[in-house]
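Comments concern the structure below.
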Amino acid sequence: GPTVKPSVSLLPPSSLQLSEGSASLLCLLSAYSPQGALVSWTVDGSVVKDGVVTSAEEQKKDGYTRSSTLTLSKALWEQGEEFVCKVSHGGVDHPMDYQNKVLPVDYILCRRGNLKEISDCKVVVGESVARQHRMVVCKMTLMVCKKKRSEIEKKTKWWKLKKEECCEEFRQKLRQALGGQVVLPDDWETTAEVIRETGRKVLSVSSGRRKEDKETWWWNEEVQDSIQRKRLAKKKWDMDRTEENRQEYKELQRRVKREVSKAKQKAYDELYTRLDTREGEKDLYRLARQRDRDGKDVQQVRVIKDRDGRVLTSEESVQRRWKEYFEELMNEENEREKRVEGVNSVEQKVDKIRKDEVRKALKRMKSGKAVGPDDIPVEVWKCLGEAAVEFLASLFNRVLESERMPEEWRRSVLVPIFKNKGDVQSCSNYRGIKLMSHTMKLWERVVEARLRKVVEICEQQYGFMPRKSTTDAIFALRILMEKYRDGQRELHCVFVDLEKAYDRVPREELWYCMRKSGVAEKYVRVVQDMYERSRTVVRCAVGQTEEFKVEVGLHQGSALSPFLFAIVMDQLSEEVRQESPWTMMFADDIVICSESREQVEENLERWRFALERRGMKVSRSKTEYMCVNERERSGTVRLQGEEVKKVQEFKYLGSTVQSNGECGKEVKKRVQAGWNGWRKVSGVLCDQKISARIKGKVYRTVVRPAMLYGLETVSLRKRQESELEVAELKMLRFSLGVTRLDRIRNEYIRRTAHVGRLGDKVREARLRWFGHVQRRETGPTVKPSVSLLPPSSLQLSEGSASLLCLLSAYSPQGALVSWTVDGSVVKDGVVTSAEEQKKDGYTRSSTLTLSKALWEQGEEFVCKVSHGGVDHPVTFRKSQCDV
1 GPTVKPSVSL
11 LPPSSLQLSE
21 GSASLLCLLS
31 AYSPQGALVS
41 WTVDGSVVKD
51 GVVTSAEEQK
61 KDGYTRSSTL
71 TLSKALWEQG
81 EEFVCKVSHG
91 GVDHPMDYQN
101 KVLPVDYILC
111 RRGNLKEISD
121 CKVVVGESVA
131 RQHRMVVCKM
141 TLMVCKKKRS
151 EIEKKTKWWK
161 LKKEECCEEF
171 RQKLRQALGG
181 QVVLPDDWET
191 TAEVIRETGR
201 KVLSVSSGRR
211 KEDKETWWWN
221 EEVQDSIQRK
231 RLAKKKWDMD
241 RTEENRQEYK
251 ELQRRVKREV
261 SKAKQKAYDE
271 LYTRLDTREG
281 EKDLYRLARQ
291 RDRDGKDVQQ
301 VRVIKDRDGR
311 VLTSEESVQR
321 RWKEYFEELM
331 NEENEREKRV
341 EGVNSVEQKV
351 DKIRKDEVRK
361 ALKRMKSGKA
371 VGPDDIPVEV
381 WKCLGEAAVE
391 FLASLFNRVL
401 ESERMPEEWR
411 RSVLVPIFKN
421 KGDVQSCSNY
431 RGIKLMSHTM
441 KLWERVVEAR
451 LRKVVEICEQ
461 QYGFMPRKST
471 TDAIFALRIL
481 MEKYRDGQRE
491 LHCVFVDLEK
501 AYDRVPREEL
511 WYCMRKSGVA
521 EKYVRVVQDM
531 YERSRTVVRC
541 AVGQTEEFKV
551 EVGLHQGSAL
561 SPFLFAIVMD
571 QLSEEVRQES
581 PWTMMFADDI
591 VICSESREQV
601 EENLERWRFA
611 LERRGMKVSR
621 SKTEYMCVNE
631 RERSGTVRLQ
641 GEEVKKVQEF
651 KYLGSTVQSN
661 GECGKEVKKR
671 VQAGWNGWRK
681 VSGVLCDQKI
691 SARIKGKVYR
701 TVVRPAMLYG
711 LETVSLRKRQ
721 ESELEVAELK
731 MLRFSLGVTR
741 LDRIRNEYIR
751 RTAHVGRLGD
761 KVREARLRWF
771 GHVQRRETGP
781 TVKPSVSLLP
791 PSSLQLSEGS
801 ASLLCLLSAY
811 SPQGALVSWT
821 VDGSVVKDGV
831 VTSAEEQKKD
841 GYTRSSTLTL
851 SKALWEQGEE
861 FVCKVSHGGV
871 DHPVTFRKSQ
881 CDV
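In structure tokens, the structure reads:
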């Protein structure tokens, strides 16, 4: 539109050239033609429009109306060939001569109609800004909307309790508050209030806001005094422009620069010296996180999209959207069948909570975690020692007896955590983690320890189970895939994903599964009380929402929830799961394997029916199918008539498995994960003032674990191992400021950073894993049949993976068994001879071979396996092996 693009010029009147589209933010002289078009004025009053000049006399005839919509609020445009702006400050007038090109470059604009709101406008003459600029100050009175002040809850500095002197003072003040008694009061409300009040008095209270990284953190009093003297000298020179005053100001200016440089150097020296000590380790990682945050364009997402995809910007609408999303998520069940049959409850007497149970639970609790709404962290109980153990044991026994926990424990704060995938403005891409009372978590841990003694979870469940980890499940799946690849047979796998698994667990099903698992009715009622009348608020970037009820699902962030979910999955899958490794579960991540596509499709349908009839929903979009060692191109499996997405690779528990059995994609993912970790701490690793030893320590604790994750289960070729080492050396050279042009050997780089060879670390992880497997008592997949002695017909194939040496076979029923030297099979202590195996249909397979010892020249060679400081020699004869 013509009014959106006014004609603006930076040039003084003597050479004013205005065109219809010129852009500027200084002075606008404009007019409206009779047709309403916006035109520009020259100095003599002529009008320029579309390259045609209209004189002042012609304007009067044509009915032009003079208008100045934007004007200078600092200096008015004066008539004539020349004009001078006088700015007065400190009793001195500073003329701006436009003919001599001494022009002001900083202006404040306002509309003509807003001039009445301006009370004063001046230039502050000083040296605080760049030389060609002056600070412009304008005083104006405006009617603005009153912004709602966000309420930030002040926090007690509980982290001071890790200092012994603060901990001792806290104990003394708490004893005084209790009237000199050592024993805490019996009721929770009184004790909690006394602890909070004592903490505020002894440890003080923070503002609640995050401490920003100030650029002048190195500031000291000497620098402050020098800068004050320099400012006074500058003001003196402005008042009296003599050479003596100028020299004095210049000398003080040079002196301030030297003192600022010394102050910075001293502060950085102290910082790096502290980082090189044991006490400064936490400061080191805090500095790395802070510099990583500073490098991001957006620290927090303050806007969010509604359910229709429209972006919400106001704080009230954003808070309403977060509340609407989580309230719907945590209070809406999936469709399910009502159970007709009941289950008998286990009525039995339960023992009282003992002090040693509280001590074990307290020991398992980590320090430094975010507190819940009650503002009492676990550090308080650790500080109080035995007095806290006695109080907690008494409190937990009262809760166990009455089956009612304190009302304060029912409240929680929900914090949305971005999943690092998808649209950052979509609520569905956030996982809600609840900040709950630490004392309630202690109570949950006590109950969980007792439930684990009663309930036996199936061996197919690897999630949150003692002496099991993601490595167990990854290892079992890779071995199964490699066996079928070596046998040139197809293996069909379906990776099942459940929608909002934790948030959609029906609580009626939870109580039923607990009773069916043999949990005493007393514990069932205690757990029911934990979920009764639970309320929460959402803490987002724009503040906290209103409180709402939570009536469906398990608590995210609870100490007891993972085991409760395992109980539910154990009972719901009782009739459909197969032996491991054909079925494996890690919490809600399920993998189903079979030898035929039809069979795995049938098993998938059975799983869907078993889960969805009880309120758990299988995700159609995230469930994927993969065929290992596919011989012929075939279709995919179907789920209720819908095709399941077929993939050639799948990221299972953080480790990428490929349909062809190779590991090239996993190696590339490990390299990428290493670089991602390196970038997060690059603020420390690329700081040339930090010693190489400290950089090596940060690298070993942050970057290398990301690169080594799951590699103990992967068969690496020399080329792939070299690819990992090349990436590692690039990171180390970047960190140390060394390039290949410096012609420094890799050994020197590793020695300087105190970092060993990555290949050696991989082999060390394999041996550690082998020892872990050997010490395992039960479980066919986590403790496969391992033998160091080969049979006479050992079949070794190129590309087969190995931890040490695994010689195994599958019986017709699919059980994993081990081979002895003469070819017999050992299973459950029963030896089956080679002749009997042929009758029974055993299939011979060697999926793992020696990756540690090279084939030596000669008729015999020895493989030495070292574990626990002891060498175990194994002698081979080439005449016995067919390679």
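By UniProt numbering, the letter at position 439 of the sequence shown is numbered 439, and the numbering carries on one by one without gaps.
Ideal Cβ positions, reconstructed from N, Cα and C, are used throughout, including at glycine.
- Here residue 227 carries a helix assignment [DSSP, helix/strand/coil].
- Distance check between residue 188 and each of 399, 347, 564 places 399 closest, using alpha-carbon atoms only.
- If you draw a 10 Å sphere on the C-beta of residue 438, you find 16 or more other C-beta atoms in it, and that means buried.
- Sequence-distant Cβ neighbours of residue 729 in its own chain, meaning closer than 6 Å and more than five residues away, are 746.
- Counting C-beta pairs closer than 8 Å gives fewer than three between the stretch 480-488 and the stretch 598-616, which falls short of the contact rule.
- The alpha carbon of residue 666 has as its nearest neighbour, out of 639, 712, 625, the alpha carbon of 712.
- In the DSSP annotation of this structure, the continuous segment of the beta strand (DSSP E) that includes residue 652 starts and ends at 649-652.
- Three or more Cβ pairs closer than 8 Å define a contact, and the stretch 511-528 meets that threshold against the stretch 450-457.
- By alpha-carbon distance to residue 592, the top candidate from 461, 157, 336, 109 is 461.
- Using a Cβ distance threshold of 8 Å, residue 231 and residue 410 do not count as a contacting pair.
- Beta bridge pairing from DSSP links residue 585 with 461, 590.
- Of the candidates 570, 204, 234, 758, the residue whose Cα lies closest to the Cα of residue 611 is 570.
- Counting C-beta pairs with one atom in each stretch, the stretch 643-658 and the stretch 617-625 have three or more that are closer than 8 Å, which means they touch.
- Put simply, of 202, 155, 143 the residue whose alpha carbon is nearest the alpha carbon of residue 171 is 202.
- Looking at the DSSP output, residue 118 shares a beta bridge with 140.
- DSSP places residue 340 in the coil class of the three-state scheme, outside both helix and strand.
- It is roughly 9 Å from the alpha-carbon of residue 269 to the alpha-carbon of residue 689.
- Contact between residue 566 and residue 464 is confirmed by a C-beta separation of about 6 Å, below the 8 Å threshold.
- If you look at residue 540, you'll find it in the beta strand (DSSP E) that goes 535-540.
- At a cut-off of 4 residues, the continuous stretches assigned as alpha helix (DSSP H) that sit fully inside the stretch 275-363 are 281-294, 315-329.
- Buried is the label assigned to residue 361, since at least 16 other Cβ atoms lie within 10 Å of its Cβ.
- If you look at residue 658, you'll find it in the beta strand (DSSP E) that goes 655-658.
- With a threshold of 16 other beta carbon atoms within 10 Å, residue 380 meets it and is buried.
- Leaving aside the five residues that flank residue 264 on each side, the residues in its chain whose CB is nearer than 7 Å to its CB run, in chain order, 218.
- A distance below 8 Å separates the beta carbons of residue 249 and residue 233.
- A Cβ-Cβ contact shorter than 8 Å links residue 504 with residue 615.
- Judged by DSSP secondary structure, residue 411 falls within the beta strand (DSSP E) whose first and last residues are 411-418.
- Between residue 309 and the set 427, 258, 329, the nearest pair of CA atoms involves 427.
- If you draw a 10 Å sphere on the C-beta of residue 239, you find fewer than 16 other C-beta atoms in it, and that means exposed.
- Under the 10 Å beta carbon count, residue 135 is surrounded by fewer than 16 other beta carbons and is classified as exposed.
- In the structure shown, residue 156 adopts extended strand secondary structure according to DSSP, grouped into three states.
- Look at the beta carbons and you see the stretch 301-316 not touching the stretch 681-701: under three pairs across the two are nearer than 8 Å.
- Note on residue 353: 16 or more other CB atoms within 10 angstroms of its CB, so buried under the neighbour-count rule.
- In this structure, 256 is the residue among 584, 294, 256, 282 with its C-alpha nearest to the C-alpha of residue 228.
- Taking the C-beta atoms as reference points, residue 536 is found no nearer than 8 Å to residue 527.
- Per the coordinates, the alpha-carbon of residue 163 lies some 27 Å from the alpha-carbon of residue 291.
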